[in-house]
Amino acid sequence: PAPSDPASALLQALGLHEAPQGVPTLRPVPPVMWRLFRRRDPQEARAGYPLRPCHVEELGVAGNIVRHIPDSGVLSRPLEPARTSGPCPKWTVAFDLSGVEPAERPTRARLELRLEAANEDTRGWELSVALWAEAEHPGPELLRVPVPPGLPLRADLLGAAVAANASVPRTLRLALALHGGAATACPRLAEASLLLVTLDPRLCPPPRSRR
Amino acid sequence: HTEPGVGGGPGGTCRTRRLHVSFREVGWHRWVIAPRGFLANFCQGACTLPEALPGPGGPPALNHAVLRALMHAAAPTAGAGPPCCVPARLSPISVLFFDNSDNVVLRHYEDMVVDECGCR
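As you go down the protein sequences, you meet chains X and H in turn.
Per my numbering, numbering of the first sequence is gapless, rising by one per residue and ending at 211.
Per my numbering, numbering of the second sequence is gapless, rising by one per residue and ending at 1120.
Listed below in structure tokens is the structure:
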């Protein structure tokens, strides 16, 4: 739309530079996003328990923008061969953060992976996370988390792969690797996403000063 | 969509009037997942005595709005005019939508719905 019409003015007032172009590729809305939306539903807010402004109760952090970002590198991931001996193949995942404004401060960055293993056998596996540097070589290992059996793997990246008090990079590329594990076959990475909570102080009401 | 019958003039006392904002009307229904729209409401109506008196029952608490209503009642043609009918209590909304990178985004906006109006 032309910048001067009311719809564009409203869009800008809502902190959005432009309406998404064309029809978005519709995909199921992740349950966590529905849950967070319903938690902040105005009807519930009127139910008498006040919601703290600029705070995401369910995740227990400050914030007024929550994004669920799917891995944009899923097409380029190599097919995993079955494990015969030696380590499992490494994965690279990439998250497009170009929509995050410089003024926004990350308060939660949670990596979520859905692994599929033969007969759900993920005992003893650990996942290491490193930044994937441009030079096609992973950087130093930032953190290592155990792989829970049968559940999505979650890893908090704030302070490790995502700096807490700085604006986020335009793209976050990570190198993931599995270690240990007794199973003979490597689990397969079926889905990767990032749940990013940011606080845009410009949209928060200033604390009222007492008279 | 505003409350039927409001028309041009500010009928009745200062109070909340219905104003429904529909995302379909501004063509956002393809990328806004929820809600479809929301009741933003607005304030309209007279702020003269006794409407400018705060709250039911008890003596009027003297405040700026009451002072202004008194001055306006005493000298309607001179002075600053009656107090204004404005939002007195607001609440937030949340919007769930797809952004340009097909991410699902939840944004909270404070002070978006008028719950109560008052004379100020």
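Beta carbons are placed, not taken as given, at the ideal position from N, Cα and C, and that holds for glycine.
These numbers were taken from a predicted model, which means no experiment stands behind them.
What span of residues does the beta strand (DSSP E) with Val-1021 of chain H cover, start to end?
-> 1020-1022
Is the shortest distance between the beta-carbon of Ala-1034 of chain H and the beta-carbons of chain X less than 9 Å?
-> yes
Evaluate the contact criterion for the segment 169-180 of chain X versus the segment 89-97 of chain X: three or more CB pairs, one atom per stretch, below 8 Å.
-> yes
Please classify Gly-63 of chain X: is it buried, with 16 or more other beta-carbons within 10 angstroms of its beta-carbon, or exposed?
-> buried
When DSSP labels each residue in this structure, what does His-55 of chain X get in the three-state scheme?
-> strand
With which residues is His-1029 of chain H paired in a DSSP beta bridge?
-> Bridge partners of His-1029 of chain H: none, in fact.
For Pro-6 of chain X, the first and last residue of its enclosing alpha helix (DSSP H) | 6-13
Does the beta carbon of Asp-96 of chain X come closer than 9 Å to any beta carbon on chain H?
-> yes
Kindly indicate which residue of H:Arg-1107, H:Ala-1046, H:Ala-1074 and H:Leu-1062 has the alpha-carbon position closest to the one of Leu-16 of chain X.
-> H:Arg-1107
Any idea if Glu-58 of chain X is buried or exposed, counting beta-carbon neighbours within 10 angstroms, 16 or more meaning buried?
-> exposed
Just curious, the beta strand (DSSP E) that Pro-138 of chain X is in, first and last residue?
-> 138-146
Starting from the Cα of Ala-1040 of chain H, find the closest Cα among H:Arg-1089, H:Gly-1012 and H:Ser-1101 and give me that residue.
-> H:Arg-1089
Taking a cut of 7 Å between CB atoms, which residues from the segment 1075-1105 of chain H lie near chain X?
-> Ser-1091, Pro-1092, Ile-1093, Ser-1094, Leu-1096, Phe-1098, Asp-1099, Asn-1100, Ser-1101, Asp-1102, Asn-1103, Val-1104 and Val-1105
Specify the secondary structure class of Pro-31 of chain X as computed by DSSP and reduced to three states.
-> helix
Note down, in chain order, each residue of its chain lying with its Cβ closer than 8 Å to the Cβ of Arg-202 of chain X, except the 5 sequence neighbours on either side.
-> Gly-15 and Ala-103
C-alpha distance - Leu-127 of chain X paired with Asp-1099 of chain H, whole-angstrom precision | 30 Å
Please decide whether Val-1026 of chain H counts as near chain X, where near means a Cβ-Cβ distance under 9 Å.
-> yes
Under 9 Å between C-beta atoms, does Glu-1116 of chain H make it to chain X?
-> no
Identify the residues that DSSP records as bridge partners of Gly-1118 of chain H: which are they?
-> H:Val-1086
Could you check if His-68 of chain X is buried or exposed, using at least 16 other CB atoms within 10 Å of its CB as the buried criterion?
-> buried
Proximal chain H residues relative to Leu-199 of chain X, where beta-carbon distance stays under 7 Å = Residues of chain H passing the Cβ test: none, with the nearest at roughly 10 Å.
Shorter than 9 Å from the beta carbon of Val-162 of chain X to some beta carbon of chain H?
-> no
Could you tell me whether the Cβ atoms of Ala-1069 of chain H and Gly-1118 of chain H are closer together than 9 Å?
-> no
Given a cut-off of 9 Å, decide if Gly-1081 of chain H and Gly-1045 of chain H are closer than it, judged by their beta-carbon atoms.
-> no
Cut-off 8 Å between Cβ atoms - residues of its own chain near Ala-190 of chain X, not counting five sequence neighbours on either side | Arg-114, Leu-115 and Glu-116
Just how far apart, CA to CA, sit Arg-110 of chain X and Ile-1093 of chain H?
-> 24 Å
Mind checking Ser-193 of chain X: buried by the 16 CB within 10 Å criterion, or exposed?
-> buried
Reducing DSSP to helix, strand and coil, say where Ala-117 of chain X ends up.
-> coil
Please report how far the alpha carbon of Val-1021 of chain H lies from the alpha carbon of Phe-1097 of chain H, in whole angstroms.
-> 16 Å
How would you label Leu-1062 of chain H, buried or exposed, when you count the other beta carbons within 10 angstroms and need 16 or more for buried?
-> exposed
Start and end of the alpha helix (DSSP H) containing Arg-1068 of chain H?
-> 1064-1074
Residue of X:Leu-151, X:Pro-138 and X:Ala-130 minimising C-alpha distance to Arg-144 of chain X | X:Ala-130
Taking Cβ to Cβ, would you say Arg-1120 of chain H is nearer than 9 Å to Pro-1076 of chain H?
-> no
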